[in-house]
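Shown next, in structure tokens, is the structure this report addresses.
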Amino acid sequence: MNVLSLYMERIKGLGLSLGIGFLALFIYHTSKSHWLDPLLIALVLGLAVRPLFYKQTQLLAHTKELPSLLIPIGVLLYGSINLDFHQVAAVKIDFLFLTFFVFMVFILVTLALSIFLGLKEQVAYLLTSGSTICGASAITVTSQAVDAEADDVSISLLAVFFAGLIALFLLLPFLRSSLGLSQEKYAVFAGASLQFTGFVKVAVGDLADQARALAMSVKAVRYLGLLFLVPFFASMIKGKIFVPWFLWGFLVSGILFSLFQDFAVVARPSLKPLLDMLWSSAMAAIGFNTNIRSLFSMQYLKAFCVSLVAFTVAACVFLLGLSLGMGS
């Protein structure tokens, strides 16, 4: 293949990924369903169109390279948009402790069960970050640090998503009604335990403005976990202390946007569509390169069970903390 043909294949791969990413965002915004995630939609669309291009091996090979280019750029934007230290500072100390305990339970239970069930190391790390921090976004960031393959990302994201749906529509409503949680405590519960940011928004949609803001502030606390989990998992994979360069960008951009609040208020709404486009396109490329059979394997079933059990245990720990007087 000559140089011109090589570049044409790369351009076609980029165009295909961008096109699917744009379509995913269009579906997300048209549906107006916060529980859907544009990254998940893009992944599923990538899986769906893969059979149309299975003979074009060069095209698929070039889409395989795209996540390593698009995701790190997105991490910088992600820090600017979501890492808000003012939100973190607004959370009461008792609720911070509760969130920390839930955070640690997610990590310990997910890793322990993953080891017990023999899950692949990368899948265990992606499940842990996705459950502990922020669903698809955390999985996206962590995937680049632990050299995860497309199958690993797809298995982890879909497992965390479907476990989260059960938590959002069944477990949380049941616990809320049966325990009679106040709006404040329920907001913290949702913010500290639900995996996806969109799930938190749906869960607290009927609460007062102050309670909804509290839930999102608690969720913002969990974003800080990327600064710990990503280098920890990356170091475990590489066998040495390793901090991905883009994680420094994540931290610095978050600090700068927290310091210059007036600028951040204006800039964040403009940066969010760009971030969504970058990561949706990366997820589309991951979908193109996923073997769909992996989603019908024991590896996926185990990953789903791990994610669901981890949420259940974390929720119990949170409620135990409330019963002991934390957050009162």
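For the sequence shown, the working numbering gives the first residue as 37, with consecutive numbering after it.
No residue lacks a Cβ here, since even glycine has one placed at the ideal position from N, Cα and C.
Model, not experiment: these values are computed from the prediction.
Just how far apart, CA to CA, sit residue 216 and residue 59? Numbered from its first residue, the sequence shown carries residue 216 at position 180. Numbered from its first residue, the sequence shown carries residue 59 at position 23. Here the alpha carbon of residue 216 sits roughly 41 Å from the alpha carbon of residue 59.
Per DSSP, what kind of secondary structure is residue 118 in: helix, strand or coil? The count along the sequence shown starts at 1 and reaches residue 118 at position 82. Assigned with DSSP and collapsed to three states, residue 118 falls in helix.
Report yes or no: do three or more beta-carbon pairs, one from the segment 156-168 and one from the segment 340-354, lie closer than 8 Å? Touching, yes.
Along the chain, where does the alpha helix (DSSP H) containing residue 170 start, and where does it finish? In the sequence shown, counting from the first residue as 1, residue 170 sits at position 134. Segment: none, residue 170 is in no alpha helix (DSSP H) and carries neither H nor E.
Give the DSSP-derived three-state secondary structure of residue 348 in the structure shown. Against the sequence shown, residue 348 aligns to sequence position 312. Residue 348: helix per DSSP, three-state reduction.
Quick check: residue 451 and residue 159, are their CB atoms within less than 7 Å of each other? Nothing in the structure corresponds to residue 451, since the chain is present only between 37 and 364.
Short of 6 Å in beta carbon distance, which residues of its chain neighbour residue 290, apart from the five on each side in sequence? Order them along the chain. Taking the sequence shown and counting its residues from 1, the one referred to as residue 290 is at position 254. Excluding sequence neighbours, residue 290 sits near 115 and 119.
State the CB to CB distance for the pair residue 235 and residue 204, rounded to an integer number of angstroms; the pair is presumed to be in contact (CB under 8 Å). Numbered from 1 along the sequence shown, position 199 holds the residue referred to as residue 235. Numbered from 1 along the sequence shown, position 168 holds the residue referred to as residue 204. Yes, residue 235 and residue 204 are in contact; Cβ-Cβ is about 5 Å, under 8 Å.
Taking Cβ to Cβ, would you say residue 117 is nearer than 7 Å to residue 307? Numbered from its first residue, the sequence shown carries residue 117 at position 81. Numbered from its first residue, the sequence shown carries residue 307 at position 271. Remark: C-beta atoms of residue 117 and residue 307 approach each other more closely than 7 Å.
Are the Cβ atoms of residue 99 and residue 49 separated by less than 7 Å? Taking the sequence shown and counting its residues from 1, one reaches residue 99 at position 63. Taking the sequence shown and counting its residues from 1, one reaches residue 49 at position 13. The answer is yes: Cβ separation under 7 Å.
Could you check the C-alpha separation between residue 197 and residue 43 for me, to the nearest Å? Here residue 197 refers to the residue found at position 161 of the sequence shown. Here residue 43 refers to the residue found at position 7 of the sequence shown. Using only the alpha carbons, I get a separation of about 36 Å.
Residue range of the alpha helix (DSSP H) that includes residue 300: Counting from 1 along the sequence shown, the entry for residue 300 is found at position 264. In the DSSP annotation of this structure, the continuous segment of the alpha helix (DSSP H) that includes residue 300 starts and ends at 297-324.
Just how far apart, CA to CA, sit residue 365 and residue 47? The question about residue 365 has no answer, for the chain in this structure spans 37 to 364.
Evaluate residue 286 with the Cβ neighbour count: other Cβ atoms within 10 Å of its Cβ, from every protein chain shown; 16 or more gives buried, anything less gives exposed. Start at 1 with the first residue of the sequence shown, and residue 286 comes out as number 250. Result: buried.
Span of the alpha helix (DSSP H), counted from its first residue to its last, around residue 151: Your numbering for residue 151 matches position 115 in the sequence shown. For residue 151, the enclosing alpha helix (DSSP H) begins and ends at 129-153.
Can you list, in chain order, the residues of its chain with a C-beta nearer than 7 Å to that of residue 374? Leave out the 5 residues immediately preceding and following it. The structure shown does not extend to residue 374, since the chain spans only 37 to 364, so no value can be given for it.
Rounded to the nearest angstrom, how far is the Cβ of residue 250 from that of residue 228, given a contact under 8 Å? The residue given as residue 250 occupies position 214 in the sequence shown. The residue given as residue 228 occupies position 192 in the sequence shown. Their Cβ separation, rounded to whole angstroms, is 11 Å, which puts residue 250 and residue 228 out of contact at 8 Å.
If you draw a straight line from the alpha carbon of residue 140 to that of residue 189, how long is it in whole angstroms? Position 104 of the sequence shown holds residue 140. Position 153 of the sequence shown holds residue 189. Across the structure, residue 140 and residue 189 are spaced so that their CA atoms are roughly 22 Å apart.
Alpha carbon to alpha carbon, how far is residue 193 from residue 157? Give it in angstroms, no decimals. As a first step, residue 157 must be located in the sequence shown, where it is residue number 121. As a first step, residue 193 must be located in the sequence shown, where it is residue number 157. When only Cα atoms are considered, residue 157 and residue 193 end up about 15 Å apart.
Given residue 272 as reference, the closest of 334, 147, 77 and 84 once Cα atoms are compared: The sequence position of residue 272 within the sequence shown is 236, counting from 1. Residue nearest to residue 272 within the set 334, 147, 77 and 84 is 147 (criterion: CA-CA distance).
On the CB-based measure, 16 or more other CB atoms within 10 Å of its CB, does residue 305 come out buried or exposed? Sequence index remark: in the sequence shown, residue 305 carries index 269 (1-based). For residue 305, the number of other beta carbons within 10 angstroms of its own is below 16, and it is reported as exposed.
Do residue 78 and residue 63 have their C-beta atoms within less than 7 Å of each other? Translated into the one-based positions of the sequence shown, residue 78 becomes position 42. Translated into the one-based positions of the sequence shown, residue 63 becomes position 27. Going by C-beta atoms, residue 78 is not nearer than 7 Å to residue 63.
On the DSSP letters alone, give me the boundaries of the alpha helix (DSSP H) that residue 272 sits inside. The residue you call residue 272 lines up with position 236 of the sequence shown. Annotation for residue 272: the continuous alpha helix (DSSP H) segment containing it runs 262-274.
What number of angstroms, rounded off, separates the C-alpha of residue 172 from the C-alpha of residue 246? Start at 1 with the first residue of the sequence shown, and residue 172 comes out as number 136. Start at 1 with the first residue of the sequence shown, and residue 246 comes out as number 210. Each residue's alpha carbon lies about 26 Å from the other.
Mapping the DSSP letters down to three states, classify residue 338 as helix, strand or coil. Numbered from 1 along the sequence shown, position 302 holds the residue referred to as residue 338. Correct three-state label for residue 338: helix.
According to DSSP, is residue 281 part of a helix, a strand, or is it coil? Against the sequence shown, residue 281 aligns to sequence position 245. Annotated three-state conformation of residue 281 is helix, per DSSP.
Evaluate residue 169 with the Cβ neighbour count: other Cβ atoms within 10 Å of its Cβ, from every protein chain shown; 16 or more gives buried, anything less gives exposed. Working through the sequence shown from its first residue, we reach residue 169 at position 133. Residue 169 should be labelled buried.
Quick one: grab the DSSP three-state call for residue 221. On the sequence shown, position 185 is the one that residue 221 refers to. Three-state DSSP puts residue 221 in a helix.
Alpha carbons only, please: which of 336, 359, 288 and 325 is nearest the one belonging to residue 111? Here residue 111 is taken as the residue at index 75 of the sequence shown, counted from 1. The shortest C-alpha separation from residue 111 is found at 288.
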